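> Chains as they are written, first to last, in the working numbering: chain A, 1 to 332; chain B, 1001 to 1653; chain C, 2001 to 2358; chain D, 3001 to 3276.
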């Protein structure tokens, strides 16, 4: 076997791991969509916001310091204390729950029975709001996020795969962070699936997707359900935020992972959890392989930006309801 | 307008004149298919000619009667003129008349031709046609649902016109000949008046009647060919004939027909007529709707409305009559016009009204003043079919709620001793068709016509004032004129007073029963937190008595000004302990008081009033909603009212 | 209150069907035109042109375009930025390839080219609806931006990867390039805006507009009563993209002068225009203007207040602006989903019924 | 008329003496399935030119599906649809509409964002042909065409007596009126065959009477062939010339109202099943 091939495999593996991350983000969308019929564009920004908050809390930043300084001419930035990662994470989760609560209170409640498109646009507005708000609160500078996840090429894997290829092959280069991220994602996905399959709340969530009355009959008010799903989505966002954040720092681009997840959704169907997972993997692998085989050599690279979309688009034209989406029977 | 009057001796002649003089000016408009379909005078003339030829084609004779049944539509006006131009006589009917009324009228005039609107009327006529002996052809405008009908005697309007056009050469000479034969004396139209008693009478009006009256009335208000009128009142009513044909053809102004009854208000608003007639109840309805709609308005708007309506009430009429008003008032009226009057008139569709008329019944002063104060030149006229409408009308600047104006041009008026009004004018009708005797007892040898109304000419202004139906006017003990309705109407114009019954026939002086208006007085009570449990209790309240007394004294003052009626001042009154009620037979179902019955039923009270008591105990039987009978008892206060001392009366011999 | 409609009646369908059936509105409109064409050019200065008027006019065109797609045909698109880019690059290529041809022609052609691209990306709309489509249009956004970024031919192999508009003139007056008068920029845009609005109005009032709206309100019923969905949707995409392309071209040639596709036509642009549509009012030409004006003025205002007034650092002010815009979008969707246009309509109704409340 | 046989192409004369033409539409052995569910099972019937043909049956009998097949919205797995004497190839709904088949819907499918006028105007889209450019400049052809069609539409508005709501957004109209507007939209297409899906569903007595009158007038004035689904047996019996009775996707009766009323199967189906 030529080294080329193994590089291919390496790309494939990296793709897989990226894919898992996509699935993770996509899952956030699916949950909210299933439960409230809302396509939450703000998911990505939520991840960014979560990550910022985490960093902020961890490093003891003063919220709105810029604003305060600007208005009162003072010059404060930090409280001067640092929090252990776990505590910070825990607090952040609380923040995200609070956020979910506020969203329901201030936005969703007033938009019940609006057309989906309107709700979608509302989430775009929400995204804008959070982006600005996050920056105001924690500043827009690129932050380093470190919750103690090791980074860098994983030596063990490298050593134990070196034998595969010839002399010019030094084994797979896989980033430990990616591996861990993948593992966490897998765990999280499993948990969520189990949760929505086997817990009362989970069943309620799925009921809501089908019809709201049913959900009420399960005995959980719609609004509670919404708060719950948004909290979960917030949590998922946090996890995603941590992973991507620790990889490439906390900055605006982090919010773009949401955009990455969209094609995943189109592929997997907005309402299907397995769809999100499989779709994520397909996209992850697909875009890496495409760039490796065609993009870089012939198209000047960086095809990841759009490959996923075009793939999804072509796919949709032939199967409008996505991979696992139910077939739509139109009635008059 | 007066150029070449020589030949203007018939409606068709006027039409010909207009087709030349105002050829391209709109003559008719009708809202149909969402827009105002328009015909200029040329086109109208052509349509009419085509129809006339069509009539000839159907074999119409001179002197035939052509019945017209339908809502106001250009086609019907054309039909009338077309009928005239072939020497036939148009007879517009009330389209809502039921079958037997229709049967009677159609039979009485012996119409050979009937022009109707649609299936509904066609069916109505077919239902009665076997009672009609002369009836030959029916022409309908709207073919919907009629295709399967037997078309031997049934024709579609447009087809008749087509046939007419087709046969133009053939019949043109005949048509011209017949039109040429028309003159001032030939009959113009026959209108049936639903007489108060007995069968309707067919009033025959000659071209002279219609044309001269139209000419006079147009000059009186200097109407021009630029007026816009909305034709929405029944075509069978003389008013509509004069406004929409007589005056329209004389001046050449445009007649607009609404799309349907339920779009009438919108159509009115779109057209914005400049010359406008409506009966008092119409204005009343409009005013109520205004008030109701304002109820829902926000506080600010309400305040604005109230503020500027007060201003209007204060100075509006004066400004309209061109009297001099202080600059400050003018200014605030100007503002009011921007904020309220202008928009209001606009939403009501009256902002372009130059001359508005109301007639038919007495109009309440508030109502009348409301429209005047907005700057709408609303006036009153007094008339009837037999006079081709105009007997008296109000000249600009001399408009008052309580008169009906000065005699119209060329109209002479005389008042008989019993107060009945007689008139003589070029408008006086020819005869009641096939009814010489009633013709005789309405119109005497010298051409004087009895109106059946009692009234008098106000010395100060020379305006005529209507008192009552002549037959309801009695005499007092001293022979003075006793006109209860006259006084009662004055009283009823006060919102506090719902009903009033004035007695005094063959008595020394007049007394009155009063019914207070529970809502109006109730409001007053709430505002001044006067507690009351029942109508009776409220009626007995001294404060209420004071108010009513004040009203009556006001009325007495105004009554006293007419020396003929000064005897009718109310000397004593009481407020009845129950509301007069149709269930107790005290009123007709149409809420007209039955004076006689009331007098008998409450004889004790009457005696007390004339017996000088200051209060009286009485028991009365009443009928409740559910029909049970019961009786209520009360002690009623009787008040004396200040009366204006009367100089010596005009002797009544 | 100001309206006097009595006597303002219609005797033909043409009159009844005109854009401003009420006399008062009609005159107001004429007055506005006179002011825009006859007065403003003489008083406009660089600040007003660059900060407010020119961007307003250009975005108004883009908003009209997007409004046709979303507001009239109900097809949500997030690819606006990408399509504007097409317009910009098309005009750039044309200008540099055929210097002798008038720039006006180039801009129009750029619109045409964008229309074609728009149709291509509109094709999926036949199979996919709602968000699926919305997301699909993102494909256009990313693909196009990538394309103009990565294929040097589009930016004539310039080292910076930027494109910059050469100097061009209309009737001997510079309209692009470094030394352009404010009024010239303004006039060019104004003419295009006027034409676009007029065309858009005509297209939306007739057959085409009705088939679009039918698709928007109930696509299944629309197809059953005889609307060809393919035709309706593709024409919507074409027309919409045409305007957006023109806007893109103007933005680059007349306003920016030089542009780097990533930041000039990124996804943020898509959202900006989308917001203009929402705030202005879906399915309303007037709304398109209102929305554009609002979104153009708001930052200017905030900047003056926050930076100028309260001298905050610009970046903080910028963040704050995000917060405001986001909040506004949500507020509008909650309070008045039909945007400023609806508010305007209501106000007008009130004036017409004055003094009555209803 | 009982002498006439099914699928005959000769006309017949109704009891009230109307001449009915030959077959305009014929459904031959139609079978329609959704996955496993059989909505329509091997049904055949014909519609004659100028007649009012009713399709009745309990809920879920497959009536609406049948209408959807006729209007090309569902495509049957088996069977043929013959229209105007030609076998109809599988078509898109809008192509069917262009062939001259218009319809109304069980639960009103008006375009909520438009006025009564515009809604009815959409009914004429199949007839409006001016090109995009001409429309864009709104000069000559487009404007002229618009006016011609406006005229036609106004006649319909007049016919249905809805002048007063001409410019009201349909969303604001009461149910009964919306139904009427929808009928207007269908009429605007001047259809050869008019399909009415429960035109009187949820109406009060007067509204039903009005609607029946309009349906009869349409048939009478424009000679339009009408196929309608209706629950209210009374109405069906009054206005329809011939009736197809369906139950559980099968045809259990076909003939004049009196004939089907006499049919035992029909009676059972109705007594057996609670409808409405």
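For glycine and all other residues, C-beta sits at the position ideal for the given N, C-alpha and C.
Note that the coordinates shown come from a computational prediction; the quantities given were computed from them, not determined experimentally.
State the Cα-Cα distance for the pair residue 3162(D) and residue 1126(B), rounded to the nearest angstrom.
Looking at the two C-alpha atoms, the distance is approximately 28 Å.
> Return the CA-CA distance between residue 3160(D) and residue 3083(D), expressed in angstroms with no decimal places.
Cα-Cα distance, rounded: 28 Å.
> Going along the chain, which residues of its own chain have a beta-carbon closer than 7 Å to the beta-carbon of residue 2126(C), five neighbours each way excluded?
Answer for residue 2126(C): 2229, 2230 and 2233, listed in chain order.
> With 8 Å as the C-beta to C-beta threshold (strictly closer), list the residues of the segment 1295-1313 of chain B near chain C in chain order.
Listed by position along the chain: 1296, 1297, 1298, 1301, 1304 and 1305.
> Taking a contact to mean a Cβ-Cβ separation below 9 Å, would you say residue 2092(C) touches residue 2163(C) in this structure?
Yes; because the gap between Cβ atoms is below 9 Å, this pair is in contact.
> Per DSSP, residue 1631(B) forms a beta bridge with which residues?
1621(B).
> Leaving out five residues before and five after residue 1045(B) in sequence, what residues of the same chain have Cβ atoms less than 8 Å from its Cβ?
For residue 1045(B), where only same-chain residues beyond five positions count, the Cβ hits under 8 Å are 1015, 1016, 1018 and 1019.
> Looking only at its own chain, which residues have a Cβ that is under 6 Å from the Cβ of residue 1221(B), when we skip the five neighbours before and after it?
Answer for residue 1221(B): 1355, listed in chain order.
> Is the shortest distance between the beta-carbon of residue 1259(B) and the beta-carbons of chain D less than 9 Å?
Yes, residue 1259(B) counts as interfacial toward chain D.
> Determine, using beta-carbon pairs with one atom in the segment 3125-3138 of chain D and one in the segment 2240-2250 of chain C, whether at least three such pairs fall under 8 Å.
Because the criterion of three Cβ pairs below 8 Å is not met, the segment 3125-3138 of chain D and the segment 2240-2250 of chain C do not touch.
> Between the alpha carbons of residue 1007(B) and residue 1427(B), how many angstroms are there, rounded?
Each residue's alpha carbon lies about 19 Å from the other.
> Using a Cβ-Cβ cut-off of 9 Å, state whether residue 2206(C) counts as contacting chain B.
Output row for residue 2206(C): interface = no.
> Does the segment 130-150 of chain A come close enough to the segment 240-247 of chain A that 3 or more CB-CB pairs lie under 8 Å?
The segment 240-247 of chain A, when compared against the segment 130-150 of chain A, does touch it at the 8 Å Cβ threshold.
> Could you tell me whether any Cβ in chain A is nearer than 9 Å to the Cβ of residue 2136(C)?
Yes, residue 2136(C) lies at the interface with chain A (some Cβ there is under 9 Å from its Cβ).
> Considering only C-alpha positions, which residue in the set 183(A), 138(A), 323(A) and 319(A) is nearest to residue 251(A)?
Ranking 183(A), 138(A), 323(A) and 319(A) by Cα distance to residue 251(A) puts 138(A) first.
> Out of curiosity, what's the CA-to-CA distance linking residue 1474(B) and residue 1385(B)?
Straight-line Cα distance between these residues: approximately 26 Å.
> In the segment 1415-1468 of chain B, which residue ranges form an unbroken alpha helix (DSSP H) of at least 4 residues, counting only runs that do not cross its ends?
Here the runs fully enclosed are 1436-1442.
> Residues in the segment 3168-3191 of chain D with C-beta within 9 Å of chain B's C-beta atoms, listed in sequence order?
For the segment 3168-3191 of chain D, which is checked against every Cβ of chain B, not one residue is closer than 9 Å.
> If you pair each beta-carbon of the segment 1448-1458 of chain B with each one of the segment 1410-1430 of chain B, do three or more pairs fall below 8 Å?
These segments touch.
> State buried or exposed for residue 1324(B), treating a residue as buried only when at least 16 other CB atoms are found within 10 Å of its CB.
Exposed, because fewer than 16 other Cβ atoms sit within 10 Å of the Cβ of residue 1324(B).
> Can you tell me where the beta strand (DSSP E) holding residue 3026(D) begins and where it ends?
Start and end: 3023-3034.
> Excluding the 5 residues preceding and the 5 following residue 1582(B) in the sequence, name in chain order all residues of the same chain whose CB lies nearer than 8 Å to its CB.
Contacts found: 1588, 1589 and 1591.
> Taking only beta-carbon atoms, is residue 3214(D) less than 9 Å away from chain B?
It does not; no Cβ of chain B falls within 9 Å.
> Going by CA-CA distance only, name the one from 2275(C), 2235(C) and 2311(C) that's closest to residue 2295(C).
Comparing Cα-Cα distances from residue 2295(C) to each of 2275(C), 2235(C) and 2311(C), the minimum goes to 2275(C).
> Assess contact between the segment 1356-1376 of chain B and the segment 1308-1322 of chain B, defined as three or more Cβ pairs (one per stretch) separated by less than 8 Å. Is contact present?
They touch, by the three-pair rule.
> Classify residue 98(A): buried if its beta carbon has 16 or more other beta carbons within 10 angstroms, exposed otherwise.
Residue 98(A) is exposed by the Cβ-count criterion.
> Does any residue of chain B bring its CB to less than 9 Å from the CB of residue 3002(D)?
Residue confidence for residue 3002(D) is low, a pLDDT of 41 falling below 50, so the modelled location carries little weight and cannot support an answer.
> Distance, Cα to Cα, residue 1147(B) vs residue 1395(B)?
Approximately 52 Å, taken between the alpha carbons.
> Considering only C-alpha positions, which residue in the set 3046(D), 3032(D) and 3097(D) is nearest to residue 3189(D)?
Taking only the C-alpha atoms, the option nearest residue 3189(D) is 3097(D).
> At the 9 Å Cβ level, is residue 3006(D) part of the contact set with chain B, yes or no?
Unreliable placement is indicated for residue 3006(D), whose pLDDT of 44 sits below 50; no coordinate value is reported for it.
> Quick check on DSSP: helix, strand or coil for residue 1653(B)?
The predicted position of residue 1653(B) is uncertain, since its pLDDT is 37 and thus under 50; a value taken from the coordinates is nonetheless stated next. Of the three classes helix, strand and coil, the one that applies to residue 1653(B) here is coil, per DSSP.
> Say whether the segment 1265-1278 of chain B touches the segment 1222-1239 of chain B, bearing in mind that this needs 3 or more beta-carbon pairs closer than 8 Å, one atom from each stretch.
Touching, yes.
> State buried or exposed for residue 1653(B), treating a residue as buried only when at least 16 other CB atoms are found within 10 Å of its CB.
Any reading at residue 1653(B) must be qualified, since the residue scores a pLDDT of 37, below 50, and its modelled position is unreliable; the value itself is stated next. By the neighbour-count rule (16 or more Cβ atoms within 10 Å), residue 1653(B) is not buried but exposed.
> Here's the rule: buried if 16 or more other CB atoms are within 10 angstroms of the residue's CB, otherwise exposed. What is residue 979(B)?
Nothing can be reported for residue 979(B): it is not among the residues displayed for chain B, which extend from 1001 to 1653.
> Note the first and the last residue of the continuous alpha helix (DSSP H) segment covering residue 1547(B).
Residue 1547(B) -> alpha helix (DSSP H) spans 1542-1561.
> Just verifying my parser: in three-state terms, what is the DSSP assignment at residue 1411(B)?
It is coil, neither helix nor strand.
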